[in-house]
Ligand SMILES: Cc1ncc(COP(=O)(O)O)c(C=O)c1O
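In our numbering, the protein residues as written are 232 to 642.
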């Protein structure tokens with residue numbers, strides 16, 4: 232099946248401004264359907280949740296639909312979908328809740344591959360409870376996170392293993408299923424950061440073995456809303472701080488204050504957008520069926536399309552002698568991280584911005600990994616991240632602009 236990227240791009244008003252948006256790893260643009268869903272929610276009148284009048288009923292319906300959509304995206308139970316402003320806030324909340332059970336005898340395992348949002352909340356919660364932190368290390372030559380090392384890191388003292396489903400700078404997708412199985416074999420929980428993986432691959436939290444899986448809608452064409460999904464039975468066993476009159480059940484007791492109802496309507500539209508990226512329902516049985524089935528088929532098509540584009544991007548960068556690429560994992564999200572001889576990462580990003588190409592520079596909050604790569608003091612690296620709305624022309628523009636930075640003009 233060919234992926235109709237022109238049709239996809241036409242759905243995004245922001246993409247017509249002439250810029251190549253290769254900054255999707257830091258946040259994507261949104262399609263018109265998402266913008267309209269948010270505007271429609273406000274236009275039709277929206278009250279706070281739980282009231283006796285129709286505008287309040289609309290807020291309740293949006294919350295129900297939002298949980299369903301996020302469950303369809305991840306393979307979770309809608310009753311286990313915790314809504315919040317972003318992944319970082321929710322992870323701090325869960326670290327606070329889970330660590331109340333920890334003491335000096337306990338251990339948590341974090342990885343050097345992760346974004347700091349899946350490291351620091353656990354490190355700080357461990358420090359408060361007296362628990363020990365153990366580190367899974369990255370093989371710097373490949374940026375792989377070898378799963379085998381968890382056999383040595385885990386013991387009956389381990390309470391939690393936090394690991395990413397994909398690195399937000401080098402794209403590495405570790406063997407989360409193996410790591411989660413190892414965690415479960417010693418009775419530990421596995422908290423998976425799915426923020427970078429979710430826009431690029433089909434997600435099934437059960438086959439990953441994730442006890443908790445976090446993702447943020449603004450990374451996959453939605454608004455700025457985060458979620459953590461978990462088995463409702465697991466959530467029943469946990470008791471976060473909450474206001475006295477706030478919901479006592481799950482997942483409501485994990486959610487603080489009033490939800491962003493209109494944005495949540497946008498989350499539903501974003502999941503619908505993703506679900507529609509797959510094969511048309513009439514062409515085969517694969518693309519038809521439930522929204523969950525359509526999401527899985529669509530994300531498989533996205534993975535394949537992005538993979539082809541990424542091969543072109545990596546191949547082009549690898550041929551340039553003035554470019555150093557980091558990471559070479561066997562399974563990767565389409566995210567390139569590199570430095571350019573003679574330029575700081577910031578200078579590269581500025582030169583590219585002058586060519587109307589958006590890339591990110593710095594540590595990108597992969598604080599431990601940029602440290603391990605020896606890049607933290609020198610300004611990190613340049614990150615060019617592809618998503619499903621990027622196309623070949625944008626990749627070629629990036630390659631041409633980076634080639635111009637060769638010291639003698641000869642890449
Ligand atoms: C892999 C990864 N994890 C966590 C986060 C933090 O997500 P949020 O901005 O929703 O707190 C990000 C954000 O860039 C990320 O890329």
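In this text, a Cβ means the ideal position worked out from N, Cα and C, and glycines have one as well.
Residue i - partner residues in DSSP beta bridges
i: residue 342; result: 367
i: residue 327; result: Note: residue 327 sits in no beta bridge, so no partner.
i: residue 522; result: DSSP lists no partner for residue 522.
i: residue 439; result: Partner(s): none; residue 439 has no beta bridge.
i: residue 457; result: 315 and 447
i: residue 615; result: 567
i: residue 593; result: 612
i: residue 403; result: 563
i: residue 393; result: 422
Cβ-heavy atom distance, residue i to ligand 1, below 7 Å
i: residue 652; result: This structure cannot settle anything about residue 652, because the visible part of the chain is limited to 232 through 642.
i: residue 323; result: no
i: residue 427; result: yes
i: residue 424; result: yes
i: residue 346; result: yes
i: residue 560; result: no
i: residue 593; result: no
i: residue 349; result: yes
i: residue 326; result: no
i: residue 444; result: no
i: residue 457; result: yes
i: residue 403; result: no
i: residue 447; result: yes
i: residue 399; result: yes
i: residue 317; result: yes
i: residue 596; result: yes
i: residue 257; result: yes
i: residue 395; result: yes
For residue i, three-class secondary structure by DSSP
i: residue 604; result: coil
i: residue 447; result: strand
i: residue 626; result: helix
i: residue 313; result: strand
i: residue 477; result: coil
i: residue 241; result: helix
i: residue 262; result: coil
i: residue 375; result: strand
i: residue 423; result: strand
i: residue 388; result: coil
i: residue 337; result: coil
i: residue 251; result: strand
i: residue 641; result: coil
i: residue 463; result: helix
i: residue 487; result: coil
i: residue 497; result: helix
i: residue 352; result: helix
i: residue 416; result: helix
i: residue 468; result: coil
i: residue 234; result: coil
i: residue 431; result: coil
i: residue 360; result: helix
Check: residue i C-beta below 7 Å from any heavy atom of ligand 2
i: residue 305; result: This structure lacks ligand 2; its bound ligands are ligand 1.
8 Å Cβ cutoff, residue i in contact with chain D
i: residue 328; result: Reference to chain D is not applicable here, since this structure consists of a single protein chain.
Say whether the stretch 409 to 429 touches the stretch 382 to 392, bearing in mind that this needs 3 or more beta-carbon pairs closer than 8 Å, one atom from each stretch.
Yes, the stretch 409 to 429 is in contact with the stretch 382 to 392.
Any 3 or more C-beta pairs closer than 8 Å across the stretch 288 to 296 and the stretch 596 to 609
no
Tell me, please, whether the stretch 255 to 272 touches the stretch 496 to 509 by the rule of three or more beta-carbon pairs shorter than 8 Å.
Counting Cβ pairs under 8 Å, three or more are found: they touch.
In chain order, which continuous runs of the beta strand (DSSP E) of length 3 or greater are located wholly inside the stretch 527 to 591?
554 to 557 and 566 to 571
Stretch-stretch touch, CB-based, cutoff 8 Å, three pairs: the stretch 302 to 321 with the stretch 460 to 475
Yes: the two stretches touch, three or more of their Cβ pairs being nearer than 8 Å.
With contact counted as at least three CB pairs below 8 Å, one residue from each stretch, are the stretch 346 to 354 and the stretch 517 to 531 in contact?
no
Does the stretch 613 to 621 come close enough to the stretch 554 to 573 that 3 or more CB-CB pairs lie under 8 Å?
In this structure the stretch 554 to 573 touches the stretch 613 to 621; the number of beta carbon pairs closer than 8 Å is three or more.
Using 8 Å as the cut-off, can you tell me whether the stretch 318 to 329 makes contact with the stretch 571 to 591, which would need three or more C-beta pairs spanning the two stretches below that distance?
No, they do not touch.
Would you check if the stretch 364 to 374 and the stretch 432 to 441 touch, i.e. whether three or more CB-CB distances between them fall below 8 Å?
no
Extract the residue ranges of the alpha helix (DSSP H) inside the stretch 265 to 322, only unbroken runs of 4 or more that lie entirely within it.
285 to 305
State whether the stretch 426 to 433 contacts the stretch 627 to 637, with contact taken as three or more CB pairs (one from each stretch) at a distance under 8 Å.
no
How do the stretch 331 to 346 and the stretch 299 to 309 stand: do at least 3 beta-carbon pairs fall below 8 Å, yes or no?
The stretch 331 to 346 vs the stretch 299 to 309: no contact.
Taking contact to mean 3 or more Cβ pairs, one atom from each stretch, closer than 8 Å, check whether the stretch 243 to 257 and the stretch 470 to 484 are in contact.
Of all C-beta pairs linking the stretch 243 to 257 to the stretch 470 to 484, fewer than three are shorter than 8 Å, placing the two stretches out of contact.
Do the stretch 549 to 564 and the stretch 393 to 405 touch if we need at least three Cβ pairs shorter than 8 Å?
yes
I'd like to know if the stretch 600 to 610 and the stretch 501 to 512 are in contact, where contact means that at least 3 CB-CB pairs between them fall below 8 Å.
no
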